[in-house]
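Shown next, in structure tokens, is the structure this report addresses.
In UniProt numbering, the protein residues as written are 1 to 896.
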């Protein structure tokens with residue numbers, strides 16, 4: 001058996017939870033209080049039953065309102081089953097279903113799958129936790145030997161318990177030195193009885209004589225009691241007959257009187273009751289016919305009052321067409337109103353844009369074509385770029401002209417003679433003149449070549465004048481030469497930049513001319529160039545709005561035309577509808593209201609017709625019923641040769657007394673059983689019956705007196721025998737002795753049987769254990785060596801003492817081992833047992849955090865061993881330690 005899936009409806013903290021255990025090596029990881037122990041208890045409870053109220057803390061009743069219980073999917077001999085256990089008697093209600101065929105399986109099959117394992121044995125072999133491992137040191141040598149026997153012969157625990165119980169029962173029967181045990185007490189009683197027999201033997205003749213007389217008197221009493229019983233029976237029978245005699249005599253009198261009447265002329269009570277029933281039905285029938293006729297008249301009047309229905313029925317096809325098309329035209333009206341709202345919004349937007357862009361003459365700018373828009377964008381961008389470039393070149397030229405002024409000043413200083421230098425006032429005047437000339441050129445005539453030439457000539461003349469003045473007073477020098485050279489270079493650069501300025505100025509003029517043409521073409525005279533591009537969306541939107549307004553107007557006109565056509569179709573009913581075609585919404589509402597008004601009237605009309613039809617059927621039925629009742633009444637009258645009901649009543653009244661007497665006779669006869677009447681018929685009169693009763697009474701009294709006399713004699717004889725018995729009746733004592741021998745023999749057989757049974761069970765267990773024990777110890781040796789990393793090689797069990805042998809051949813008792821090693825020995829034995837019995841008992845092994853005392857290496861060793869064993873046996877390993885999870889594949893780990 002393998003557990004492949006766990007589904008919990010409600011169990012402790014778990015509810016509506018499913019776990020997939022399809023892996024043969026299933027690891028469940030969860031921290032403390034994650035629910036591992038609860039999950040273990042759930043699986044065991046599903047297999048062996050829920051705990052009772054006596055163990056309420058093991059019940060794990062759900063805290064919420066979940067159903068108590070769940071499901072296990074089991075794989076047994078290759079077949080999948082679903083085991084369901086819910087709250088109920090005897091451990092819960094169990095159902096088992098074959099998942100492949102869907103057929104139900106008897107719940108007793110679970111016990112067959114688990115045999116011979118019960119919950120106690122499962123916990124001993126197939127389930128363990130750290131608590132179980134901690135108890136390994138508490139096991140004595142006798143416990144260990146018993147445990148090994150249990151492990152060697154699965155199911156032997158019950159036999160060991162049985163041995164203990166049989167030994168306990170045997171000790172209660174007999175102990176060699178015991179006094180209160182059953183067999184010991186019977187032996188003592190046997191010896192005392194032998195002594196009593198010897199003393200009673202001497203008085204035995206008197207006892208025998210008295211006993212014989214007592215027996216004779218008892219026999220005579222029995223005869224008298226039998227006679228007394230017969231007399232009492234006769235007396236009781238006479239008394240009962242006397243009690244029944246008055247009604248017997250009355251019945252005879254009534255019978256004689258009724259014999260004088262001709263029974264054929266009497267109306268029986270049944271027939272009279274039948275007549276009364278028929279008359280009652282006839283009266284009810286008449287009332288119903290009256291009520292039906294009244295209701296039919298009312299309904300006919302109600303139908304005639306519905307004039308509108310007549311007009312509807314005459315024009316039903318036209319009305320139906322009108323009503324069917326009403327929703328369609330209501331939708332058209334709704335759409336018209338919606339489209340009108342949209343049209344108003346479009347017109348408002350169109351008006352806003354027109355006001356925004358219309359000039360004082362009432363003309364509107366037009367939107368650019370796609371090609372012109374692209375060209376204008378390029379021109380505007382080119383204009384902006386040229387302006388920026390022109391500004392940069394002019395700023396650069398201005399800076400260089402400043403450099404020219406500084407160089408002129410330097411050259412003038414170099415040319416001035418030491419004794420005839422220009423005065424500071426002269427130099428400042430000359431420089432001011434040059435600067436003024438430059439500024440005038442830049443401000444007033446920057447684009448004229450002649451202006452620039454004049455500027456250059458003034459600067460050159462200043463340089464020449466400066467040189468001449470200096471030559472007069474100072475010889476040439478290297479510094480002067482360098483300054484002049486630099487001045488010439490800068491002047492040339494100024495000329496080049498001036499050419500670039502002229503070129504950019506010309507390009508700006510051409511762009512301005514082209515943009516001016518576009519401005520005139522598209523009516524943009526009143527709009528600055530920076531608004532041209534942004535306003536294109538609004539202008540395009542205006543074109544689109546004009547198209548949408550036209551389209552919406554056409555759609556609205558079409559819808560209104562269709563609605564008017566529909567309303568014209570309602571002209572035939574204008575006297576009822578009174579449509580106002582200038583108000584379409586009101587007209588449609590009038591048609592709808594008329595339809596709503598008509599519906600209940602149609603329903604009412606149909607209801608009236610249905611009622612009239614029903615009333616007509618009821619009338620036919622009641623008329624037929626009336627005829628049937630009349631026929632039955634006539635037949636009943638004809639039976640008694642009568643012509644009307646009054647005569648029937650009159651005749652019956654005259655026969656009432658006779659009918660009462662007959663009824664009374666029937667009642668009396670019902671009280672008097674036939675067998676009693678037959679006996680009473682044998683007596684001629686009540687006096688004879690009384691004489692028989694008196695005789696039986698006197699006879700009963702005489703027998704009672706005789707019995708009393710004999711009973712007194714018997715009492716005296718019993719007193720004599722009791723006196724003799726006080727010292728022991730010889731015969732009874734002999735009988736007691738024989739019975740005591742039988743009891744002694746039975747107790748001895750019982751005690752001997754129990755002792756032999758104990759010997760037999762022990763021998764059977766030894767034989768059973770001997771079959772598996774060598775194989776199990778061999779596997780345990782291998783597992784123990786793996787778990788201790790080769791530290792221990794062998795496990796021995798000799799003379800009831802369990803020892804282990806280390807790798808250096810040193811023997812240790814279990815008590816000498818460390819906690820971890822002792823636990824590893826326990827686990828090796830458990831694993832070996834499970835593997836040994838797996839062929840005959842295949843159950844999952846559940847391990848709940850059982851390796852806390854293992855070091856890291858040995859813990860890894862046991863985890864590897866679990867993986868190895870899981871190839872044969874399903875293992876469910878629950879742990880709160882994540883250090884060893886790396887030993888398992890991720891798909892085999894469930895994290896809570």
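For glycine and all other residues, C-beta sits at the position ideal for the given N, C-alpha and C.
Given the structure is predicted, the values throughout are model-derived calculations rather than measurements.
Separation of residue 102 from residue 68, as counted between CA atoms: As a position in the chain shown, residue 68 is number 68, starting the count at 1. As a position in the chain shown, residue 102 is number 102, starting the count at 1. Straight-line Cα distance between these residues: approximately 24 Å.
First through last residue of the alpha helix (DSSP H) which encompasses residue 565: Reading the chain shown from its first residue, position 565 is the one you call residue 565. Run containing residue 565: 536-568, per the alpha helix (DSSP H) assignment.
The segment 813-826 contacting the segment 849-856, beta-carbon criterion three pairs below 8 Å: yes
Integer-rounded CB distance, given that residue 679 should sit under 8 Å from residue 279: Looking up residue 279 in the chain shown gives position 279. Looking up residue 679 in the chain shown gives position 679. In fact, because the Cβ distance is near 47 Å, the residues do not count as touching under 8 Å.
Residue 75, DSSP secondary structure in three states: Numbered from its first residue, the chain shown carries residue 75 at position 75. DSSP places residue 75 in strand when its eight states are reduced to three.
N- and C-terminal bounds of the alpha helix (DSSP H) containing residue 518: Sequence index remark: in the chain shown, residue 518 carries index 518 (1-based). 478-521 is the extent of the alpha helix (DSSP H) around residue 518.
Inter-residue spacing [alpha-carbon to alpha-carbon] between residue 298 and residue 554: As a first step, residue 298 is located in the chain shown; it is residue number 298 there, counting from the start. As a first step, residue 554 is located in the chain shown; it is residue number 554 there, counting from the start. If I take the Cα positions, the gap works out to 58 Å.
Other residues of its chain near residue 704: CB distance less than 8 Å, five sequence neighbours each side excluded: Stepping through the chain shown from its first residue, residue 704 is reached at position 704. Closer than 8 Å at Cβ, skipping near neighbours: 228.
Neighbour-count burial assignment, residue 866, 16 or more Cβ in a 10 Å radius: What you label residue 866 is simply residue 866 of the chain shown in a count that begins at 1. Buried, since its Cβ has 16 or more Cβ neighbours within 10 Å.
Between the CA atoms of residue 624 and residue 671 - distance to the nearest angstrom: The residue you call residue 671 lines up with position 671 of the chain shown. The residue you call residue 624 lines up with position 624 of the chain shown. If I take the Cα positions, the gap works out to 45 Å.
Bridge partners - residue 406, DSSP secondary structure assignment: The residue labelled residue 406 in the question sits at position 406 within the chain shown. Answer is none; residue 406 lacks a bridge partner.
Residue 48 classed as buried or exposed, judged by whether at least 16 other C-beta atoms fall within 10 angstroms: In the chain shown, the residue the question calls residue 48 occupies position 48. The residue in question, residue 48, is buried, as its Cβ has 16 or more Cβ neighbours within 10 Å.
For residue 39, the nearest candidate out of 51, 19 and 53 (CA to CA): For the purposes of this step, residue 39 is taken as the residue at position 39 of the chain shown. The shortest Cα separation from residue 39 among 51, 19 and 53 belongs to 19.
Opening and closing residue of the beta strand (DSSP E) in which residue 20 lies: The residue given as residue 20 occupies position 20 in the chain shown. Start and end: 14-20.
Start-to-end residues for the alpha helix (DSSP H) that takes in residue 42: By 1-based counting over the chain shown, the position of residue 42 is 42. Here the alpha helix (DSSP H) through residue 42 covers 36-48.
Candidates 783, 808 and 364: closest to residue 536 by CA position: Against the chain shown, residue 536 aligns to sequence position 536. Checked all of 783, 808 and 364; the closest Cα to residue 536 is 364.
Beta-carbon separation (whole angstroms), residue 376 vs residue 480, contact threshold 8 Å: Residue numbering aside, residue 376 sits at position 376 when the chain shown is read from its first letter. Residue numbering aside, residue 480 sits at position 480 when the chain shown is read from its first letter. 57 Å between Cβ atoms; not a contact.
Whole-number beta carbon distance between residue 73 and residue 80, since they are thought to touch under 8 Å: Within the chain shown, residue 80 is the residue found at index 80, counting from 1. Within the chain shown, residue 73 is the residue found at index 73, counting from 1. With a Cβ gap of about 6 Å, residue 80 and residue 73 count as contacting.
CB contact flag (residue 29, residue 4, <7 Å): The residue you call residue 29 lines up with position 29 of the chain shown. The residue you call residue 4 lines up with position 4 of the chain shown. No, these two residues do not count as a Cβ contact at 7 Å.
Coil, strand or helix - residue 579 by DSSP: Position 579 of the chain shown, counting from 1, holds the residue named residue 579. In the structure shown, residue 579 sits in coil (DSSP, three-state: anything other than H, G, I, E or B).
Completely contained beta strand (DSSP E) runs for the segment 803-827, where each covers 3 or more residues: Correct list: 811-813.
Proximity of residue 580 and residue 586 at Cβ, strictly below 7 Å: Residue 580 sits at position 580 when you count from the first residue of the chain shown. Residue 586 sits at position 586 when you count from the first residue of the chain shown. Yes, they are a contact pair.
Residue range of the beta strand (DSSP E) that includes residue 683: Translated into positions along the chain shown, residue 683 becomes position 683. Where residue 683 is concerned, there is no enclosing beta strand (DSSP E), given that its DSSP letter is neither H nor E.
Three-way DSSP call (helix, strand, coil) for residue 449 in this model: Sequence index remark: in the chain shown, residue 449 carries index 449 (1-based). Interpretation of residue 449 is limited by its pLDDT of 47, a score under 50 that renders its predicted location unreliable; the figure taken from the coordinates is listed afterwards. Here residue 449 sits in helix by DSSP.
Rounded C-alpha distance that separates residue 776 from residue 796: Numbered from its first residue, the chain shown carries residue 776 at position 776. Numbered from its first residue, the chain shown carries residue 796 at position 796. Each residue's alpha carbon lies about 12 Å from the other.
C-alpha gap between residue 794 and residue 33, whole angstroms: Here residue 794 corresponds to residue number 794 of the chain shown, with the count starting at 1. Here residue 33 corresponds to residue number 33 of the chain shown, with the count starting at 1. Taken atom to atom, the span from the alpha-carbon of residue 794 to that of residue 33 is near 39 Å.
DSSP bridge partner residues for residue 11 (one or two, in chain order): On the chain shown, residue 11 is found 11 positions in, with the first residue counted as 1. Answer is 14.
Buried versus exposed call for residue 238 [16 or more other C-beta atoms within 10 Å across all chains shown]: Counting from one through the chain shown, the residue named residue 238 turns up at place 238. The residue is buried, with at least 16 neighbouring Cβ atoms inside 10 Å.
Start-to-end residues for the alpha helix (DSSP H) that takes in residue 336: Counting from one through the chain shown, the residue named residue 336 turns up at place 336. DSSP places residue 336 inside the alpha helix (DSSP H), whose first and last residues are 316-357.
Segment contact, 8 Å Cβ cut-off, at least three pairs: the segment 829-836 with the segment 779-789: yes
Rounded C-alpha distance that separates residue 124 from residue 172: Along the chain shown, read from residue 1 onward, the residue named residue 124 stands at position 124. Along the chain shown, read from residue 1 onward, the residue named residue 172 stands at position 172. Roughly 31 Å separates the two Cα atoms.
Limits of the unbroken alpha helix (DSSP H) element including residue 862: Position 862 of the chain shown holds residue 862. Run containing residue 862: 856-869, per the alpha helix (DSSP H) assignment.
Residues bridged to residue 125 (per DSSP): Stepping through the chain shown from its first residue, residue 125 is reached at position 125. Looking at the DSSP assignment, residue 125 forms no beta bridge with any residue, so it has no partner.
Candidates 386, 518, 45 and 591, of which the one nearest residue 566 by Cα: Counting from 1 along the chain shown, the entry for residue 566 is found at position 566. Nearest of 386, 518, 45 and 591 to residue 566, Cα basis: 591.
Close-in-space but distant-in-sequence residues of the same chain around residue 805 (CB under 6 Å, 5 per side omitted): For this step, residue 805 is matched to residue 805 along the chain shown. 793, 794 and 811, listed in sequence order.
Where residue 401 falls, given that 16 or more other Cβ within 10 Å makes a residue buried: Within the chain shown, the letter at position 401 stands for residue 401. Buried, because 16 or more other Cβ atoms sit within 10 Å of the Cβ of residue 401.
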